[in-house]
Amino acid sequence: MAVSKQDRRNKIRRRIRKDIVGTESRPRLSVFRSNKEIYAQIIDDVEGKTLASASSRDKDIASASKDKKEQAVLVGKAIAEKAKKAGIDTISFDRGGYLYHGRVKSLAEGAREGGLKF
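This is the structure we're talking about:
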């Protein structure tokens with residue numbers, strides 16, 4: 006029986022998460038991509054807390070653009086801005102099992118433009 010896309014993504018996700026752990030000095034930027042929206046969280050895995058979050062459902066981002074790639078760039082910039090306010094400048098990027106391509110790549114580039122270092 007063939008492996009579904011979701012099973013394949015979960016397998017890749019587990020493999021990535023073995024190596025990437027968010028600490029207080031270098032938290033993890035986690036990305037979730039649905040068909041319509043994109044979400045980003047900065048997580049401290051040691052404490053188990055979300056330090057900052059942004060999504061394409063935020064009012065200023067949702068009204069600013071129609072294209073999903075443009076929204077991903079805006080989400081990346083928004084998460085970078087929130088991270089800077091929280092005193093975070095260096096992160097570990099967790100692509101969540103998605104290919105580093107398209108909206109995930111756009112989000113990462115937006116975060117880099119916002120001043121985050123990977």
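For the sequence shown, our numbering assigns the number 6 to the initial residue and increments by one for each residue that follows.
Just so it is clear, CB atoms sit at the ideal spot from N, CA and C, and this is done for glycine as well.
All values derive from a computational prediction rather than experimental measurement.
Candidates 121, 109, 118 and 113: which alpha carbon is nearest residue 39's?
Start at 1 with the first residue of the sequence shown, and residue 39 comes out as number 34. The shortest Cα separation from residue 39 among 121, 109, 118 and 113 belongs to 109.
Within 10 angstroms of the Cβ of residue 7, are there 16 or more other Cβ atoms? Answer buried if so, exposed if not.
By one-based count along the sequence shown, residue 7 stands at place 2. When all chains shown are included, residue 7 counts as exposed.
Check this for me: beta carbons of residue 26 and residue 20, under 8 Å apart or not?
Here residue 26 refers to the residue found at position 21 when the sequence shown is read from its first residue. Here residue 20 refers to the residue found at position 15 when the sequence shown is read from its first residue. No, these two residues do not count as a Cβ contact at 8 Å.
Hey, quick one: how far does the beta strand (DSSP E) through residue 36 stretch, first residue to last?
Working through the sequence shown from its first residue, we reach residue 36 at position 31. First-last of the beta strand (DSSP E) with residue 36: 33-38.
Checking the sheet assignment: what are the DSSP bridge partners for residue 47?
As a position in the sequence shown, residue 47 is number 42, starting the count at 1. 34 and 57, per the DSSP bridge assignment.
Write down the C-beta distance between residue 31 and residue 101 rounded to the nearest angstrom, noting that I regard them as a contact closer than 8 Å.
Numbered from 1 along the sequence shown, position 26 holds the residue referred to as residue 31. Numbered from 1 along the sequence shown, position 96 holds the residue referred to as residue 101. With a Cβ gap of about 18 Å, residue 31 and residue 101 do not count as contacting.
Report the CB separation of residue 121 from residue 85 in whole angstroms; it is logged as a contact under 8 Å.
For the purposes of this step, residue 121 is identified with residue 116 of the sequence shown, where counting begins at 1. For the purposes of this step, residue 85 is identified with residue 80 of the sequence shown, where counting begins at 1. Indeed, because the Cβ distance is near 5 Å, the residues count as touching under 8 Å.
Within a Cβ cutoff of 8 Å, which residues of the same chain sit near residue 82, ignoring the five residues on either side of it in sequence?
The residue given as residue 82 occupies position 77 in the sequence shown. Here the set comprises 115, 116, 118 and 119.
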